[in-house]
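Engineer:
2 protein chains.
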Amino acid sequence: MTRWLTDDEMRAWLGYRRLRTLLDLQITRDLAADSGLSDADYDVLSTVSDAPGHRMRLGELAAEIKWSVSRLSHHVSRMGQRGLVTRDDCASDGRSATVVLTDEGWAAIQAAAKLHVASVRRHFIDLLDPADLAALTTISGKVLAHLEQVTPPDPARRGTRRHD
Amino acid sequence: MTRWLTDDEMRAWLGYRRLRTLLDLQITRDLAADSGLSDADYDVLSTVSDAPGHRMRLGELAAEIKWSVSRLSHHVSRMGQRGLVTRDDCASDGRSATVVLTDEGWAAIQAAAKLHVASVRRHFIDLLDPADLAALTTISGKVLAHLEQVTPPDPARRGTRRHD
DNA sequence: GCGTCGTGTTTGACATGTCAAGCAGACTGT
DNA sequence: ACAGTCTGCTTGACATGTCAAACACGACGC
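Chains A and B are the protein sequences, given in the same order.
Going by the working numbering, the first sequence opens with residue 655, and the numbers climb by one from there.
Going by the working numbering, the second sequence opens with residue 655, and the numbers climb by one from there.
What follows is the structure, encoded as structure tokens:
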């Protein structure tokens, strides 16, 4: 009844799983050793630093990096204690909170980015040739097109079935 | 000085990151909804169930699934409370602990496996054609060959430089 | 035999993530 | 204008992961 994975399929799947485990581990380690930041810190800092004024609404930021709002709120508090960001009350909407990079946060992400790119190159990008990169982009494109239907990207369009 | 990522490289890297985030999220959700297991539970159960006698030394299991021993020890305790596994003292070496599947654990992984494979097919494998799968296997092969040098697979061969 | 060290595992304190309330500012209809 | 509801965020209780210390057995040298 069940269609099990063929050998080729299994190799691809296990390869992905193992890649994911080891690559993330290595990148995380490098980041911590090089810059004293966690993956989480890096995602927040780099995303906010791309936004105009180095500031971003909390909810938007959460959506962008696919975190729960609650997780982000907790994490921003911790980053606040370390002086990397501050919260700012938005003028137009009293409920909303805005995450703002401090000078220290901006310095941290600038310093980290160079080393992070080097790490990504060393352990991933530079190991692959252009055909590999193209294939990877194709693959993630196909899968993401599917997943972004299944996982409601907006609070809107809710009734999507999860099993088909 | 720093070699930033080209557009193609950036697309490939961000694609991978986003794929990793969303695919894992979806697979985890399905697993929890279908079988009441976490990813962590599934990794432990499926690995132990492949071992002869449905039993495995704690340290070996940890190495196999790339967890810290401590994490596994904690997690085995929790799984023990849920009746999925037990600890068994090894006869030959008094220090060592062995993780053994209970009948309930065996039943759980058998039931979960079918649904998990279906989920993996639905959200990943069946979206890709044979060329994609082959490319993925190539890519993970290249990267893992590198990473398994960098990350000491054994407690032996320690002095490996992390930056080269 | 018996200190000493190495190895495999457990434990406790703490960091991080999740889930379900709680809360306060904004919208809506009357 | 104000009761009810919605929305965006915060909070607290709890689950999970990490790190370093403790532990307990085994192996080795004397």
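A virtual CB, placed ideally from N, CA and C, is assigned to each residue, including glycine.
1) So what's R725 (chain A) in DSSP terms, helix, strand or just coil?
2) Just to confirm the assignment, what range does the alpha helix (DSSP H) spanning M710 (chain B) have?
3) Assuming L755 (chain A) contacts V739 (chain A) under a Cβ cut-off of 8 Å, what Cβ separation, rounded to an integer in Å, is found between them?
4) By DSSP, does D697 (chain B) sit in helix, in strand, or in coil?
5) What residues are listed by DSSP as bridge partners for D743 (chain A)?
6) Which residues bound the alpha helix (DSSP H) around L782 (chain A)?
7) Using a Cβ-Cβ cutoff of less than 6 Å, which residues in the same chain neighbour D742 (chain A) once the five nearest sequence positions on both sides are dropped?
8) Could you spell out the range, first to last residue, of the alpha helix (DSSP H) harbouring K768 (chain A)?
9) What is the DSSP secondary structure of M733 (chain B), reduced to helix, strand or coil?
10) Below 7 Å CB to CB, which residues in the same chain sit around V774 (chain B) once its five sequence neighbours on both sides are set aside?
11) Taking the Cβ atom as the reference point for each residue, do L691 (chain A) and A766 (chain A) lie within a distance shorter than 7 Å?
12) Once you ignore the five residues that flank G759 (chain A) on each side, which residues in its own chain have a CB closer than 7 Å to its CB?
13) With a Cβ-Cβ cutoff of 7 Å, do E663 (chain A) and I719 (chain B) count as a contact?
14) Is the separation between the beta-carbon of G713 (chain A) and that of V702 (chain A) shorter than 7 Å?
15) What number of angstroms, rounded off, separates the C-alpha of G836 (chain B) from the C-alpha of T791 (chain A)?
Structural biologist: Looking at the atomic coordinates:
1) helix
2) First-last for M710 (chain B): 709 to 711, but that is the beta strand (DSSP E), not the alpha helix (DSSP H).
3) 6 Å
4) helix
5) A:A751
6) No alpha helix (DSSP H) holds L782 (chain A); DSSP gives it neither H nor E.
7) T752, V754
8) 757 to 777
9) helix
10) I681
11) yes
12) L699, L738, V739
13) no
14) no
15) No answer is possible for residue 836 (chain B): the residues shown for chain B start at 655 and end at 818.
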